[in-house]
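First comes the structure, then the notes that go with it.
Residue numbers (UniProt numbering): 1 to 381.
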């Protein structure tokens, strides 16, 4: 029988993350959004509490939490602000290729580094001309006689690019080879020839740092080759498979915030002499939010549970991401509708929630790509 009751440890973890979101994220979220600036001190505090690298294995100094607990943390932080949450928890995306493909020496060095001080690692596959088509990347990796590689090209939309101490960068030895030519490389921020572009002025999740990374003759020593060309694409795809449940968890956090804001507002706001909470169409929108929360959380928890059990389940993982992203966008749009004109101004929080929700349908595989992944799993193609 499935047991939905949380353990005492899970309850304590959720309470810690919930309190952190309430006391440290929500008070600074609006200003961080307005300034398009990530509050670094918030990350430092999250790192001290073990909220920044929850799944980093214990043997390398990390909390070693299961993916299910990581999703619970993500949900609570996203309730506070999904932009701030994204920059706090993005190390999970950056460290996963190292967990999957790194040598013991690489794991000790780089996973250990993430736990020795509050730093970031960025994950870089996307390019100006290659987003959903990862196999179409043009960033070149040229092997040298000593086993090192030279990287040339540009990566785009890289989370925490300006904050990272090192990057996991995917590049190809020959674009014509597509997925068969892709490798993965660990590159330090201070590497000669690496420059980071300006912080992108985004629609939503403005508090999360996002920028381009330019590579001009960057030499990657053999010891920093994570996966040689021909082996990197599989690492990239499995990384996405393992981190997609977290996108669903972000969606749950956003939807919960939408629901709470709408419940409170609808009880206070009056039209036709009565609180709008008494209008059945408003009640229907609020009820739909609750339904979406429950459905998305179940998908997220099943996908995370599968990861923890060592069960590869890209179908559920993609369902959690695809459904959750669409559900969050619909809930945020409905929240603005419930608030009416007030929902359209920055004085109230729901317009930010709508802006923040949109990216969930785009990054880490668009809503359309998720449906292709789901269909391939079902059709066996």
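Even glycine gets a Cβ: it sits at the ideal position worked out from N, Cα and C. Keep in mind that this is a model prediction, so the values were computed, not measured.
Item to complete: Could you round the C-beta distance between residue 93 and residue 123 to whole angstroms and report it? I think they count as a contact, below 8 angstroms.
Response: Against the chain shown, residue 93 aligns to sequence position 93. Against the chain shown, residue 123 aligns to sequence position 123. That belief holds up - the Cβ atoms of residue 93 and residue 123 are roughly 5 angstroms apart, short of 8 angstroms.
Item to complete: Given a cut-off of 8 angstroms, decide if residue 182 and residue 232 are closer than it, judged by their beta-carbon atoms.
Response: Mapped onto the chain shown, residue 232 falls at position 232. Mapped onto the chain shown, residue 182 falls at position 182. With a cutoff of 8 angstroms on beta-carbon distance, residue 232 and residue 182 are scored as near each other.
Item to complete: Go ahead and pull the three-state DSSP assignment for residue 181.
Response: Your numbering for residue 181 matches position 181 in the chain shown. Looking at residue 181 - three-state DSSP - the assignment turns out to be helix.
Discussion item. Three Cβ pairs or more, each shorter than 8 angstroms: is that satisfied between the region 186-199 and the region 75-85?
Written reply: Contact between the region 186-199 and the region 75-85 is absent, because fewer than three Cβ pairs lie under 8 angstroms.
Discussion item. Taking only three categories from DSSP, how would you classify residue 120?
Written reply: Translated into positions along the chain shown, residue 120 becomes position 120. In this structure, residue 120 counts as coil in the three-state DSSP scheme.
Worksheet item: CA-CA distance, residue 48 and residue 315?
Response: If you number the chain shown from 1, residue 48 lands on position 48. If you number the chain shown from 1, residue 315 lands on position 315. When the Cα atoms are used, residue 48 and residue 315 turn out to be separated by approximately 35 angstroms.
Discussion item. Is the beta carbon of residue 33 closer than 8 angstroms to that of residue 352?
Written reply: Counting from 1 along the chain shown, the entry for residue 352 is found at position 352. Counting from 1 along the chain shown, the entry for residue 33 is found at position 33. Remark: C-beta atoms of residue 352 and residue 33 approach each other more closely than 8 angstroms.
Worksheet item: By how many angstroms is the C-alpha of residue 180 removed from the C-alpha of residue 162?
Response: Here residue 162 is taken as the residue at index 162 of the chain shown, counted from 1. Here residue 180 is taken as the residue at index 180 of the chain shown, counted from 1. The alpha-carbon separation between residue 162 and residue 180 amounts to approximately 30 angstroms.
Fill in: Length of the line joining the Cα atoms of residue 1 and residue 185
Stepping through the chain shown from its first residue, residue 1 is reached at position 1. Stepping through the chain shown from its first residue, residue 185 is reached at position 185. Annotation note: pLDDT 49 at residue 1 (below 50); position unreliable, coordinate value reported separately. So the two alpha carbons sit approximately 44 angstroms from each other.
Fill in: DSSP-derived helix/strand/coil call for residue 127
Here residue 127 corresponds to residue number 127 of the chain shown, with the count starting at 1. In the three-state reduction of the DSSP assignment, residue 127 falls in the strand class, which pools E and B.
Discussion item. For residue 107, tell me which candidate among 69, 138, 90 and 225 has the shortest Cα-Cα distance.
Written reply: The residue you call residue 107 lines up with position 107 of the chain shown. In this structure, 225 is the residue among 69, 138, 90 and 225 with its C-alpha nearest to the C-alpha of residue 107.
Worksheet item: What are the boundary residues of the alpha helix (DSSP H) that includes residue 326?
Response: On the chain shown, residue 326 is found 326 positions in, with the first residue counted as 1. Judged by DSSP secondary structure, residue 326 falls within the alpha helix (DSSP H) whose first and last residues are 314-339.
Discussion item. So residue 235 and residue 97 are supposed to be a Cβ contact under 8 angstroms. How far apart are they, rounded?
Written reply: One-based indexing of the chain shown puts residue 235 at position 235. One-based indexing of the chain shown puts residue 97 at position 97. Cβ-Cβ separation between residue 235 and residue 97: approximately 5 angstroms, consistent with a contact (criterion under 8 angstroms).
Worksheet item: Three-state secondary structure (DSSP) at residue 175?
Response: The residue you call residue 175 lines up with position 175 of the chain shown. Here residue 175 sits in helix by DSSP.
Worksheet item: Below 8 angstroms between beta carbons: does that hold for residue 227 and residue 101?
Response: Reading the chain shown from its first residue, position 227 is the one you call residue 227. Reading the chain shown from its first residue, position 101 is the one you call residue 101. In this structure, residue 101 lies closer than 8 angstroms to residue 227 by Cβ.
Fill in: Opposing strand residues paired with residue 278 [DSSP bridges]
Counting from 1 along the chain shown, the entry for residue 278 is found at position 278. Under DSSP, no beta-bridge partner is assigned to residue 278.
Worksheet item: How is the alpha helix (DSSP H) around residue 67 delimited, first residue to last?
Response: Here residue 67 corresponds to residue number 67 of the chain shown, with the count starting at 1. It spans 67-80 - the alpha helix (DSSP H) in which residue 67 sits, taken as one unbroken run.
Item to complete: Please look up how many angstroms separate the CB atoms of residue 82 and residue 273, rounded, as I've assumed it's under 8 angstroms.
Response: Within the chain shown, numbered from 1, the residue matching residue 82 stands at position 82. Within the chain shown, numbered from 1, the residue matching residue 273 stands at position 273. The pair is not a contact, with the Cβ atoms about 37 angstroms apart (cut-off 8 angstroms).
Fill in: Exposure of residue 7, with buried meaning 16 or more beta-carbon neighbours within 10 Å
As a working note, residue 7 is residue 7 in the chain shown. Residue 7 is exposed by the Cβ-count criterion.
Worksheet item: Going by Cα to Cα distance, which pick from 127, 145 and 146 is closest to residue 153?
Response: The residue you call residue 153 lines up with position 153 of the chain shown. Taking each of 127, 145 and 146 in turn and checking the Cα distance to residue 153, the smallest one comes out for 127.
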